[in-house]
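Student: Residue numbers (our numbering): 12 to 243.
No residue lacks a Cβ here, since even glycine has one placed at the ideal position from N, Cα and C.
Shown below is the structure under consideration.
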């Protein structure tokens, strides 16, 4: 399948070039779209230079910090308009390992969407503070109970989607951000009856720069799950 890796960025100048090179070294058949939210640190300029030398790399610039959910929706829309058959969501900071792309791409051939899962057999986390791990695990268990589907990793952001799946998910209705964006996307896919596979991954702490996680994003995820359950 013609597959696009979508990487949303805001101030990732230290990570973006190394992650692009690592992805293409690991899976040279993939294309990459960086969706930048107007990073003042020059992230977009770095990607623009790389894209002029490598036709597999693309830049979708923004003009302000619109948030993770909006960035991914822009990326999905771009991918569908450019004829890609599948999309992978991936962070720029190496918390999602390029080595885990191969099993996800392979699984996506047989399923409608795939979840890079920290909490299925063979998955895990490393170099993570105990409280972050606790919040993440509780968030996934909380979502699993309320939403009623047997997915183990609801909050993770390393996911893959067939284009045919995205086209049938009413993406214009998605309103969530952060953790809750990942939850809402998975719930919409499951509610539509799409086949899903959880692929074990090892999640690592970011290499460089500051985390975008905030208390607001965590709180939004907890109350937003109820809205997703009854409004989606």
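#1: So does the stretch 27-34 actually touch the stretch 103-119, counting three or more Cβ pairs closer than 8 angstroms?
#2: Around the C-beta of residue 23, are 16 or more other C-beta atoms found within 10 angstroms, so that it is buried, or is it exposed?
#3: Please report the distance separating the alpha-carbon of residue 75 from that of residue 49.
#4: Put residue 66 into one of helix, strand or coil per three-state DSSP.
#5: Return helix, strand or coil for residue 220, following the three-state DSSP convention.
#6: State the DSSP-derived secondary structure class of residue 16, mapped to helix, strand or coil.
#7: Please list the terminal residues of the continuous beta strand (DSSP E) segment that includes residue 116.
#8: Assign residue 214 to one of three DSSP states: helix, strand, or coil.
#9: What do you get for residue 241, buried or exposed, if any count of 16 or more other CB atoms within 10 angstroms of its CB means buried?
#10: Tell whether a beta-carbon distance below 8 angstroms holds between residue 122 and residue 151.
#11: Counting C-beta neighbours from all protein chains within 10 Å, is the total for residue 90 16 or more, i.e. buried, or is it exposed?
#12: Using only alpha-carbon positions, find the residue among 16, 63, 114 that is nearest to residue 98.
#13: Cutting at 7 angstroms between CB atoms, please list the residues of its own chain near residue 220, excluding the five before and the five after it.
#14: Distance check for residue 144 and residue 20, CA to CA, integer angstroms please.
#15: Please give the ranges of any alpha helix (DSSP H) in the stretch 119-191, keeping only runs that are unbroken, at least 4 residues long and fully inside the region.
#16: Quick one: give me the first and last residue of the beta strand (DSSP E) that residue 97 is part of.
#17: Which runs of the alpha helix (DSSP H), 4 residues or longer, sit entirely within the stretch 24-61?
#18: Can you look up residue 92 in the DSSP assignment and give me helix, strand or coil?
#19: Expressed to the nearest angstrom, what Euclidean distance is found between the alpha-carbon atoms of residue 208 and residue 172?
#20: So what does DSSP say about residue 76, is it helix, strand or coil?
#21: With a threshold of 16 other CB atoms inside 10 Å of the CB of residue 167, please say whether the residue is buried or exposed.
Tutor: Taking the structure as given:
#1: At 8 angstroms Cβ cutoff, the stretches touch.
#2: Position 12 of the chain shown, counted from the first residue, corresponds to residue 23. Buried, by the Cβ-count rule.
#3: Position 64 of the chain shown holds residue 75. Position 38 of the chain shown holds residue 49. Take the alpha-carbon of residue 75 and the one of residue 49: they are about 5 angstroms apart.
#4: Counting from 1 along the chain shown, the entry for residue 66 is found at position 55. Residue 66 sits in coil when the DSSP states are folded into three classes, being neither helix nor strand.
#5: Numbered from 1 along the chain shown, position 209 holds the residue referred to as residue 220. Unreliable positioning characterises residue 220 in this predicted model, as indicated by a pLDDT of 49, which lies under 50. The coordinate reading is nonetheless provided below. DSSP places residue 220 in coil when its eight states are reduced to three.
#6: Translated into positions along the chain shown, residue 16 becomes position 5. Assigned with DSSP and collapsed to three states, residue 16 falls in strand.
#7: Walking along the chain shown from the start, residue 116 turns up at place 105. For residue 116, no beta strand (DSSP E) encloses it; the enclosing alpha helix (DSSP H) starts and ends at 112-119.
#8: Counted from its first residue, the chain shown places residue 214 at position 203. Three-state DSSP puts residue 214 in a strand.
#9: In the chain shown, residue 241 corresponds to position 230, counting from 1. Exposed, because fewer than 16 other Cβ atoms sit within 10 Å of the Cβ of residue 241.
#10: Here the question's residue 122 lines up with position 111 in the chain shown. Here the question's residue 151 lines up with position 140 in the chain shown. For the 8 angstroms CB-CB criterion, residue 122 and residue 151 do not form a contact.
#11: Residue 90 sits at position 79 when you count from the first residue of the chain shown. So residue 90 ends up on the buried side.
#12: Within the chain shown, residue 98 is the residue found at index 87, counting from 1. For residue 98, the nearest C-alpha among the options comes from 16.
#13: Residue 220 sits at position 209 when you count from the first residue of the chain shown. The predicted model places residue 220 with a pLDDT of 49, which falls under 50 and marks its position as unreliable; any figure quoted below should be read in that light. Within the same chain, residue 220 has close Cβ partners 22, 23, 25, 26, 104.
#14: Against the chain shown, residue 20 aligns to sequence position 9. Against the chain shown, residue 144 aligns to sequence position 133. Answer to the nearest angstrom: the Cα atoms are 23 angstroms apart.
#15: Runs found: 141-158, 174-177.
#16: Position 86 of the chain shown, counted from the first residue, corresponds to residue 97. From DSSP, the beta strand (DSSP E) with residue 97 extends over 97-100.
#17: For the stretch 24-61, whole alpha helix (DSSP H) runs of length 4 or above, ordered along the chain, are 27-37.
#18: Looking up residue 92 in the chain shown gives position 81. Looking at residue 92 - three-state DSSP - the assignment turns out to be helix.
#19: Here the question's residue 208 lines up with position 197 in the chain shown. Here the question's residue 172 lines up with position 161 in the chain shown. The straight-line gap from Cα to Cα measures roughly 11 angstroms.
#20: The sequence position of residue 76 within the chain shown is 65, counting from 1. Note: residue 76 maps to coil in three-state DSSP.
#21: Start at 1 with the first residue of the chain shown, and residue 167 comes out as number 156. With a 10 Å radius around the Cβ and a threshold of 16 neighbouring Cβ atoms, residue 167 comes out buried.
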